[in-house]
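Each remark here refers to the structure printed beneath this line.
In the working numbering, the protein residues as written are 12 to 169.
So this is what it looks like as structure tokens:
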């Protein structure tokens, strides 16, 4: 595992509004990574945590109802081992963080942009939740040396 000398691997998940994708990813990474990871999320233009994100996460036993939408500015002087951007806008506007931060980009569709009835909207949120779960599970496997590469494959842009 790629570990910090004095604690868990620090990961910031960044999105535009810090309302859905990054919030779900933060909750998932805390669950999957346990005490090996210190996870946080933020937005370029923070808004609010979407109720649909809270609902689909509760379906899998992860409570993000206490999360709040945070600005990336709150983290500008913090060092992270990884910054994972989960939308193209955040990837393009991601600030530089101190230290040797590794950047990871995953271009995920915005479930909040889906129009439709409640079930169609929840389905879009579930799809993104499940994709994040797969990516973060693989991310942790690779950090722990159980993957095919020594670094998460998304670091190379995948």
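Idealized CB from N, CA, C, for every residue including glycine.
Small disclaimer: the values here were computed from a predicted structure and weren't measured.
Next item on the list: Drop a sphere of 10 angstroms on the beta-carbon of residue 74, count the other beta-carbons inside from all chains shown, and report buried for 16 or more, exposed for fewer.
Entry: Position 63 of the chain shown, counting from 1, holds the residue named residue 74. Around the beta carbon of residue 74, fewer than 16 other beta carbons lie within 10 angstroms, which makes this residue exposed.
Check: Just how far apart, CA to CA, sit residue 104 and residue 156?
Finding: The residue labelled residue 104 in the question sits at position 93 within the chain shown. The residue labelled residue 156 in the question sits at position 145 within the chain shown. Here the C-alpha atom of residue 104 lies approximately 31 Å from the C-alpha atom of residue 156.
Check: How is the alpha helix (DSSP H) around residue 43 delimited, first residue to last?
Finding: For this step, residue 43 is matched to residue 32 along the chain shown. From DSSP, the alpha helix (DSSP H) with residue 43 extends over 32-44.
Margin query: Considering only their Cβ atoms, is the gap separating residue 36 from residue 143 smaller than 8 Å?
Written below: By one-based count along the chain shown, residue 143 stands at place 132. By one-based count along the chain shown, residue 36 stands at place 25. Taking 8 Å as the Cβ cut-off, residue 143 and residue 36 qualify as a contacting pair.
Note to self: Considering just the uninterrupted stretch of the alpha helix (DSSP H) at residue 135, what are its terminal residues?
What the structure shows: Position 124 of the chain shown, counting from 1, holds the residue named residue 135. Judged by DSSP secondary structure, residue 135 falls within the alpha helix (DSSP H) whose first and last residues are 129-154.
Item checked: residue 104: first and last residue of the uninterrupted alpha helix (DSSP H) it sits in -> Walking along the chain shown from the start, residue 104 turns up at place 93. Run containing residue 104: 99-104, per the alpha helix (DSSP H) assignment.
Notebook entry, point to check: How do the segment 40-57 and the segment 115-132 stand: do at least 3 beta-carbon pairs fall below 8 Å, yes or no?
Noted result: Proximity of the segment 40-57 to the segment 115-132 falls short of the contact definition, fewer than three beta-carbon pairs being nearer than 8 Å.
Item checked: Neighbourhood of residue 168 by C-beta, 6 Å cutoff - its chain only, sequence neighbours within 5 removed -> One-based indexing of the chain shown puts residue 168 at position 157. At residue 168 the pLDDT is 32, less than 50, meaning the model places this residue with poor confidence and gives no usable figure here.
Check: So what does residue 49 bridge to, in DSSP terms?
Finding: As a working note, residue 49 is residue 38 in the chain shown. Looking at the DSSP output, residue 49 sits in a beta bridge with 21.
Notebook entry, point to check: I think residue 67 touches residue 154, with their Cβ atoms under 8 Å apart; what is that distance to the nearest whole Å?
Noted result: In the chain shown, the residue the question calls residue 67 occupies position 56. In the chain shown, the residue the question calls residue 154 occupies position 143. Beta-carbon to beta-carbon, residue 67 and residue 154 are separated by about 25 Å, too far to satisfy the 8 Å threshold.
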